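Peer 1: Following our numbering, the numbering of the sequence shown begins with 1154 at its first residue and continues without gaps. Note that beta-carbon positions come from the ideal geometry of N, C-alpha and C, so glycine has one too. Because the structure is a prediction, the values reported are computed rather than measured.
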Amino acid sequence: MIIGARNSGKSSAANWLNGVEEPLKKRQDAIYGKYTIDVPAQYLENASMYRYILTLAQTAVCVLFLESNQVRETIYPPNFAASFNCSVKGIITKVTGTKPSDSAVSSLLATGVKTPIGMSSFASKEAAVLREELLQLLS
Ligand SMILES: Nc1nc2c(ncn2[C@@H]2O[C@H](COP(=O)(O)OP(=O)(O)OP(=O)(O)O)[C@@H](O)[C@H]2O)c(=O)[nH]1
Ligand SMILES: [Mg+2]
């Protein structure tokens, strides 16, 4: 399951995991892919909708917390990662330099993600390794 703010790269991450190139459509509800649940940003923007995220997570083996490298303000509630029974990973998208921005790292750490992973592109070799690792969780 993939969560994150608008434009953080959720649908791109879903395409990466599913090995497809679907158009990056915007929808009001969760989008199911072969291996993914792409959760609308809106569910994170509104505390009254957190429960939808928690319900969807009951069928997930891992929750990916996405954050854009360019983020200014975190959308995640403090320690949100602790709300999930399954494993949690944080991915920082759109990293341009050698390391991710302090704002993106702080955002993920504050929400309880242990070791945020910086990624410049889902097409990278590191991304391919991570993808294999994530797909293993499903088998
Ligand atoms: N350079 C770069 N661009 C990215 C990356 N991930 C996503 N993008 C771009 O960022 C934009 C938003 O990506 P989406 O995957 O649609 O993001 P989203 O989180 O699904 O957005 P919403 O559905 O609107 O909440 C698109 O133009 C992507 O091509 C990345 O790792 N690197
Ligand atoms: Mg999307």
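#1: Between the Cα of Ser1292 and those of Val1224, Cys1215 and Asn1168, spot the shortest distance and give me the residue it belongs to.
#2: Check whether the Cβ atoms of Ala1234 and Leu1209 sit closer than 8 Å, and answer yes or no.
#3: Mapping the DSSP letters down to three states, classify Lys1178 as helix, strand or coil.
#4: Going by the DSSP bridge assignment, what does Val1258 pair with across the sheet?
#5: Examine ligand 2 and report whether any of its heavy atoms sits within less than 7 Å of the Cβ of Asp1182.
#6: Please check the pair Arg1225 and Ala1194, which I expect to be a contact at CB under 8 Å, by giving their CB distance rounded to whole angstroms.
#7: If we require 4 or more residues per run, which alpha helix (DSSP H) segments fall completely within the segment 1198-1229?
Peer 2: Checking against the coordinates, here is how it stands:
#1: Closest option to Ser1292, Cα to Cα, is Cys1215.
#2: Going by C-beta atoms, Ala1234 is not nearer than 8 Å to Leu1209.
#3: Per DSSP, reduced to three states, the secondary structure at Lys1178 is coil, with no helix or strand assignment.
#4: In the DSSP assignment, no residue is bridged to Val1258.
#5: No, Cβ of Asp1182 sits at least 7 Å from all heavy atoms of ligand 2.
#6: By a beta-carbon distance limit of 8 Å, Arg1225 does not contact Ala1194. Their separation comes to about 15 Å.
#7: DSSP runs (the alpha helix (DSSP H)) wholly in the segment 1198-1229: 1203-1210.
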